[in-house]
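Quick note, the sequences are listed as chains A and B, same order.
Residues 1 to 232 in the working numbering are what the first sequence lists, from first letter to last.
Residues 233 to 663 in the working numbering are what the second sequence lists, from first letter to last.
Yeah, the Cβ is synthetic: ideal placement off N, Cα and C, and Gly gets one too.
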Amino acid sequence: MIQVQNVNHTFLIGKKGKEKKVPVLKGLTFEVEKGEVVAIVGKSGSGKSTLLHTIAGFMSPEQGSIIVNGQETVHLNETERAKFRLNNFGFIFQNFQLMPRLTAFENIELPLKLKGIAAKKRKTSVQLLLKKVGLEEVADHYPNELSGGQQQRVSIARALITNPPILFADEPTGSLDSETEQDILLLIQDLNQTMGVTFVIITHDEEVANIAHRKFRMHDGELVKGDTSNVI
Amino acid sequence: MLFKDQVDFVSQHIKKNKLRVFMTVLAATMGCAFLIVLASIGFGIQDTMRKEILEDQAITEVEVYTNNGEALDISQISEVEHVNAIVHRTSMDIMAVSQLDERSLEGNMLLTNFVEEEKSNLQLSEGRMPTKENEIVVGYQFAENLLTDAERKEMEKITEEDAEPIGGYKESLIGKTISMSMQSYEMDEAFPEKWDFTIVGVTEKPARDWFVDTNMLVDESWKDKFQEVYEANAGNENPDLFYSSTKIYTSSLEHVKSVTEELKEMGYSVYSVSEQLEQLDVFFMAFKIGLIFVGTIAVLIASIGIFNTMTMAVTERTREIGVMKAIGASPKLIQRLFLMESAWIGIIGTVLAVIISYAVSFLANWILPMVVGAALGEDEFQDLSMTFSLIPWQLVVIASVISISVAMISGWRPARKATKIDVIHALRQEL
Ligand SMILES: Nc1ncnc2c1ncn2[C@@H]1O[C@H](COP(=O)(O)OP(=O)(O)OP(=O)(O)O)[C@@H](O)[C@H]1O
Ligand SMILES: [Mg+2]
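As structure tokens, then:
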């Protein structure tokens with residue numbers, strides 16, 4: 001499903017003229033199978049988010065190749081990448097990243113709008129999904145009228161609405177209390193089992209990492225060998 | 233994204249920023265309205281002058297003459313397409329003294345061909361066109377200038393300009409027979425020869441108020457006879473006795489231009505209303521372009537507001553744009569959404585501006601004549617039908633194109649900026 005091959009990336013930081021080279025990704029190579037839940041763990045600053053950003057196409061790595069669903073994504077242009085994301089990826093962010101001026105319903109509907117699906121069809125799919133994530137009651141609420149857990153459910157629903165084969169989650173429970181975290185984790189597991197969605201989850205929370213089939217540990221831009229253990 | 237959804241998306245944003253968008257639209261409206269009203273003055277004055285020209289003369293008339301004084305080739309001219317009539321009028325350098333009972337009039341005599349006159353659509357206020365040699369048509373003011381000697385003395389006393397003519401012949405001249413004799417300008421007495429002519433028609437009132445038509449139109453077959461009599465009495469030949477002018481009448485105004493051009497190609501000197509209108513149009517084209525240019529500056533100033541509003545909109549929504557891009561909105565779509573927003577401002581501004589401009593133009597045409605009338609004195613102004621401001625659809629189109637394109641151009645950079653927003657950077661922004 002996802003093949004990451006020898007991915008390298010270096011950031012230039014500091015003032016112009018006196019930049020320092022900071023290698024963040026150092027020759028990463030791994031694969032994620034279809035229907036897998038994969039957790040990427042590691043210390044802060046180890047390059048987890050940067051890795052996710054390169055796979056998601058938010059940025060291009062300096063070197064290496066990334067093949068998703070049989071498609072090499074590194075050399076796609078901006079427009080092609082946007083289209084690729086729309087069709088293949090869903091995103092769950094630590095701070096939810098909902099549109100503040102849209103209701104829960106409209107937030108979930110947005111990717112369908114981007115896909116050019118007609119209003120009637122959108123309505124039925126959104127309502128179905130609202131029920132699944134347990135948000136029917138708050139469909140007309142704006143994000144600032146929702147609890148953190150509800151917001152994260154909205155963002156999960158938004159990520160799922162287009163039925164993408166792969167979902168990326170960067171610290172999905174980072175802003176939630178442990179009880180809400182449990183709810184979200186159960187939801188993720190459920191979605192994985194019933195719908196076969198592939199999850200790539202970045203976390204430094206062991207509890208979250210424990211629901212994954214496999215765990216990759218990152219250290220200073222490298223995968224720590226031997227720790228790709230099967231958990232479940 | 234479906235077009236309808238795009239529109240929804242844009243209108244939602246506009247609603248969320250009502251005041252700011254309103255102020256920007258207001259600026260755009262003022263700029264565009266200024267442009268339209270300013271240019272409408274050019275259109276208005278041109279219209280007034282055009283009307284003046286078209287009212288003043290027979291509009292289908294084309295005057296032709298040769299450059300070297302040679303005769304015109306009538307048969308060649310008559311072959312030109314759309315030539316309806318060729319009226320060849322000859323005036324004589326001599327007074328025609330008409331006598332009706334004890335009344336008399338010293339006027340001009342014009343020799344012409346009535347068949348061609350009829351084809352040229354010569355309008356009569358009374359009577360019909362002559363069919364016989366001794367039938368004539370007289371000018372509109374012929375009757376009121378047929379004075380008795382006593383009346384003539386009375387008239388000479390009056391110096392006031394606008395005074396009503398005293399006396400004159402009050403009844404219809406149709407069917408009346410006048411006795412005509414010729415009198416040289418250098419002599420005190422008329423020649424002894426007299427001819428009787430029957431008046432069968434009276435021409436229409438001249439278009440210009442101050443023009444007094446006391447001519448008599450006589451059939452051209454008399455030309456040789458008159459020349460004979462002149463030479464017998466004056467005792468010499470006068471090479472300038474006859475002066476001819478040839479006017480060509482086209483079937484309608486739209487053909488004046490083509491006929492004028494064709495005659496020019498034949499090497500004739502030509503003068504027609506289309507010539508005059510063309511000069512007028514050239515002048516006003518430059519004048520209107522100048523006005524539109526000045527008006528466009530106002531539109532450009534308004535565009536600074538649009539640029540600011542759009543830049544702020546993009547900056548404010550950086551995070552949202554980042555999210556949109558992350559979940560799969562293409563840069564093209566983002567750009568389109570912002571361009572639509574600035575276009576919306578331009579379109580609404582233009583629509584309002586057009587409505588306001590028509591209102592201003594209407595008020596100007598209503599109030600200004602009163603103001604100018606009061607300043608000049610009511611009487612003098614009554615005859616002037618002036619258009620101060622005219623907004624033809626072409627002006628609306630030009631102003632709309634300028635104003636909407638300027639709005640879109642000023643929205644272009646902010647829209648580009650939106651497409652360049654980096655997803656990672658945007659997502660990191662504080663909520
Ligand atoms: N845009 C950037 N420019 C320069 N350096 C960057 C940039 N983004 C990240 N870095 C650096 O790359 C390194 C890895 O950052 P990254 O965000 O991937 O870490 P992380 O593993 O996600 O950490 P955390 O668990 O705290 O989120 C850090 O040292 C960071 O300073
Ligand atoms: Mg991170």
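Can you tell me whether DSSP reads A:E171 as helix, strand or coil? coil
Which residues in the same chain have their Cβ closer than 8 Å to the Cβ of B:A575, if we skip the five residues on either side of it in sequence? I636, A639, M640, G643
Compare the C-beta of B:D237 against all C-beta atoms of chain A and say whether one is closer than 8 Å. yes
Which value, in whole angstroms, describes the spacing of the CA atoms of A:V231 and A:H213? Residue placement at A:V231 cannot be trusted, given a pLDDT of 47 that sits under 50; what the coordinates show is reported in the next sentence. In a straight line, the C-alpha of A:V231 is about 5 Å away from that of A:H213.
CA-to-CA distance, A:L52 to A:K18, given in whole angstroms: 28 Å
According to the Cβ coordinates, are B:I524 and B:L267 closer than 8 Å? yes
Three-state class that DSSP yields for A:R214 in the structure shown: strand
Which residues, in chain order, sit with a beta-carbon under 5 Å away from any heavy atom of ligand 1? A:F11, A:I13, A:V24, A:S44, A:G45, A:S46, A:G47, A:K48, A:S49, A:T50
With C-beta atoms as the reference, is A:G116 less than 8 Å away from B:M556? no
What number of angstroms, rounded off, separates the C-alpha of B:V347 from the C-alpha of B:I273? 45 Å
Shortest alpha-carbon distance to A:Q94 belongs to which of A:I161, A:I2, A:S49? A:S49
If we define contact as Cβ-Cβ less than 8 Å, is A:M218 a contact residue for chain B? no
Name the residue from B:K520, B:M602, B:A545 whose alpha carbon lies nearest to the alpha carbon of B:L251. B:A545
Within 8 Å, strictly: CB atoms of A:V200 and A:L191: no
Exposed or buried, which one is A:H9 when buried takes at least 16 other CB atoms within 10 Å? buried
Within a Cβ cutoff of 8 Å, which residues of the same chain sit near B:Q567, ignoring the five residues on either side of it in sequence? A647, R648, A650, T651
In the DSSP output, which residue or residues are listed as bridge partners for B:W644? Partner(s): none; B:W644 has no beta bridge.
Between A:D170 and ligand 2, is there a pair consisting of the residue's CB and a ligand heavy atom that are separated by less than 7 Å? yes
Check whether the Cβ of A:R247 lies closer than 8 Å to any Cβ atom in chain B. An answer regarding residue 247 of chain A cannot be provided, because it is not within the stretch 1 to 232 covered by chain A.
B:F620 to B:N340 span [Cα, whole Å]: 40 Å
Going by CA-CA distance only, name the one from B:R551, B:E367, B:N249 that's closest to B:D428. B:E367
Out of curiosity, what's the CA-to-CA distance linking B:N540 and A:R101? 22 Å
For B:I588 and B:K520, the rounded distance between their alpha carbons: 20 Å
Residues of its chain near B:L495, where Cβ-Cβ distance is below 8 Å and the 5 sequence neighbours each way are ignored: V294, V296, I309, V312, I480, V502
For the beta strand (DSSP E) holding B:W427, just list the boundary residues, first then last. 427 to 435
Chain B beta carbons: is any one of them nearer than 8 Å to that of A:H141? no
Using a Cβ-Cβ distance under 8 Å, would A:G45 count as near chain D? Absent from the structure: chain D. Protein chains present are A and B.
Does any CB atom of chain B fall closer than 8 Å to the CB of A:T180? no
Option nearest A:V224 by Cα separation, candidates A:F11, A:S46, A:Q3: A:S46
Rounded to whole angstroms, what's the CA-CA distance from B:A382 to B:E497? Just pull it up for me. 55 Å
What are the start and end residues of the beta strand (DSSP E) that includes A:K26? 20 to 32
Consult DSSP for A:L12 and reduce its assignment to one of helix, strand or coil. strand
Determine, for B:L569, whether the minimum Cβ-Cβ distance to residues of chain A falls below 8 Å. no
Cβ separation of A:L86 and A:L129, assumed to be a contact under 8 Å, to the nearest whole Å: Not quite, the Cβ-Cβ distance comes to about 17 Å (not below 8 Å), so this is no contact.
Identify whether B:E421 lies in helix, strand or coil by the three-state DSSP scheme. coil
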